[in-house]
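Comments concern the structure below.
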Amino acid sequence: MKSRRLMLLSFVSVFVIVLIATTVYASGLSNKSNGAVSNNAAVSETVSKNGQRVAVLMYHHIMDKPTADSIISTKQFEEQMRLLKEKNYRVIGMDQYRDFILNGKPVPDKAVLITFDDGYESFYKLAYPILKKYGYPAVSFVIVSRIDHPVGGEIPKLTWDQMREMKQNGIAFMNHTYDLHKMGVVNADGGEKPETVGRLYLKDQKRQETEAEYEKRVAEDLKLAETRLKEELGNTYGVLALPYGWYNDELLKVVKEQGIDLTFTVKPGLNGPSETNGFRINMGYSNKKPADFIKELDKYEQKK
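According to this note's numbering, the sequence shown is numbered sequentially starting from 4.
Laid out in structure tokens, this is it:
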């Protein structure tokens with residue numbers, strides 16, 4: 004009897020230790036991201052009633068002859084768009100995506116949203132004709148200050164007239180900040196972070212911004228971007244692609260206060276209803292072969 008009690012006591016002790024360890028580990032996993040980009044594919048835990056999720060594809064610059072791995076070629080992009088149609092993927096626009104995320108409205112099976120970041124003119128000259136050919140809507144996230152005030156020496160950006168023309172054919176233009184898509188100094192040692200998530204170091208005052216100063220700076224930038232998009236294009240709601248994919252609780256709070264419904268990171272994965280801080284799959288590499296493109300997309304599709 005005594006030995007049985009000892010065995011039972013030992014078992015209970017081990018169980019308690021395992022339970023505590025598991026709780027601590029799970030707690031560590033639940034911490035919110037500080038914006039660091041994960042290489043691990045993620046799938047939204049939220050699923051529509053019929054199991055639907057949406058794959059959001061991400062691109063940046065496009066060239067006939069890419070000069071960097073992060074730039075997709077015109078030929079590759081057209082082949083990717085052709086494969087979407089051939090493999091029965093259904094390309095949706097931002098209005099339908101937003102209704103799916105916020106209201107749970109159904110989307111087609113194998114739904115895909117196409118996005119481009121930074122507002123390069125190459126989107127108009129090279130990507131747009133291909134999208135128009137296949138009848139695909141898309142979203143371009145623009146750094147609005149670069150549209151209002153083009154900077155010499157940079158890769159050419161879109162114009163408002165080009166954007167108005169494309170909007171008539173299913174292209175939406177959304178917020179990539181007014182002028183905060185850049186790194187800023189955040190301490191006396193010269194350390195840098197994206198200006199959307201870092202409290203800037205005020206060199207003349209030898210201190211960091213206060214929380215209130217940070218929130219005011221970011222809020223004013225986002226508000227100006229939204230105002231200009233509404234004035235020029237008639238936008239009726241806000242969507243933000245987070246610069247560099249970085250975010251923290253402070254930034255998401257400011258974003259929400261500006262009436263921006265949805266944000267996008269650069270983390271790979273699929274999006275279900277209520278996934279307001281969305282995943283995106285980077286398909287804009289010059290070294291991504293068409294077969295790899297569809298294989299990767301099918302891999303995500305199979306995780307649904």
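Note that CB positions come from ideal geometry on N, CA and C, so glycine has one too. Bear in mind the structure is a predicted one, so any value in this text is a computation, not a measurement.
Helix, strand or coil at residue i [DSSP, three-state]
i    : result
F119 : strand
F296 : helix
Y62  : strand
G248 : helix
D67  : coil
S143 : strand
K256 : helix
T26  : Its pLDDT being 36, under 50, T26 is placed unreliably by the model, and the measurement read from it follows with that caveat. The answer is helix: DSSP assigns T26 an H, G or I state.
E312 : Because the chain here runs from 4 to 307, residue 312 falls outside it and cannot be looked at.
M169 : helix
S148 : helix
S33  : With a pLDDT of 31 at S33, under the threshold of 50, the modelled position of this residue cannot be trusted, and the question is left open.
Rounded distance between the beta-carbons of residue j and residue i, thought under 8 Å
i    : j    : result
L255 : N280 : 7 Å
G248 : A175 : The pair is not a contact, with the Cβ atoms about 20 Å apart (cut-off 8 Å).
L225 : T180 : 7 Å
I158 : S289 : Contact flag wrong, Cβ pair sits at about 15 Å.
N178 : F144 : 7 Å
D182 : S148 : 4 Å
A58  : Y303 : 6 Å
V269 : N285 : 7 Å
L236 : K170 : 6 Å
E278 : I104 : 6 Å
E229 : G241 : 5 Å
R231 : D151 : 7 Å
V258 : L243 : 6 Å
L87  : V94  : 6 Å
V142 : Q55  : The pair is not a contact, with the Cβ atoms about 19 Å apart (cut-off 8 Å).
M309 : Y137 : Residue 309 lies beyond the range of the chain shown here (4 to 307); nothing can be said about it.
Within-9 Å CB hit, residue i to chain B
i    : result
L105 : The structure shown contains no chain B, having only a single protein chain.
Cross-strand partners of residue i (DSSP beta bridge)
i    : result
V57  : N274
T162 : Answer is none; T162 lacks a bridge partner.
G281 : F267
I74  : H64
Beta strand (DSSP E) runs contained entirely in the segment 76-140, provided each spans 3 or more residues: DSSP runs (the beta strand (DSSP E)) wholly in the segment 76-140: 93-95, 114-121.
Minimum length 3: unbroken beta strand (DSSP E) runs contained in the segment 172-242: Whole beta strand (DSSP E) segments, 3+ residues: 174-178, 186-188, 195-197.
The segment 201-212 contacting the segment 160-176, beta-carbon criterion three pairs below 8 Å: No, because fewer than three Cβ pairs between the segment 201-212 and the segment 160-176 fall closer than 8 Å, the two stretches do not touch.
Contact between the segment 129-141 and the segment 63-77 (3+ Cβ pairs under 8 Å): Flag = yes, the segment 129-141 and the segment 63-77 touch.
Sufficient close CB pairs (3 or more, under 8 Å) joining the segment 289-301 to the segment 74-90: The segment 289-301 vs the segment 74-90: in contact.
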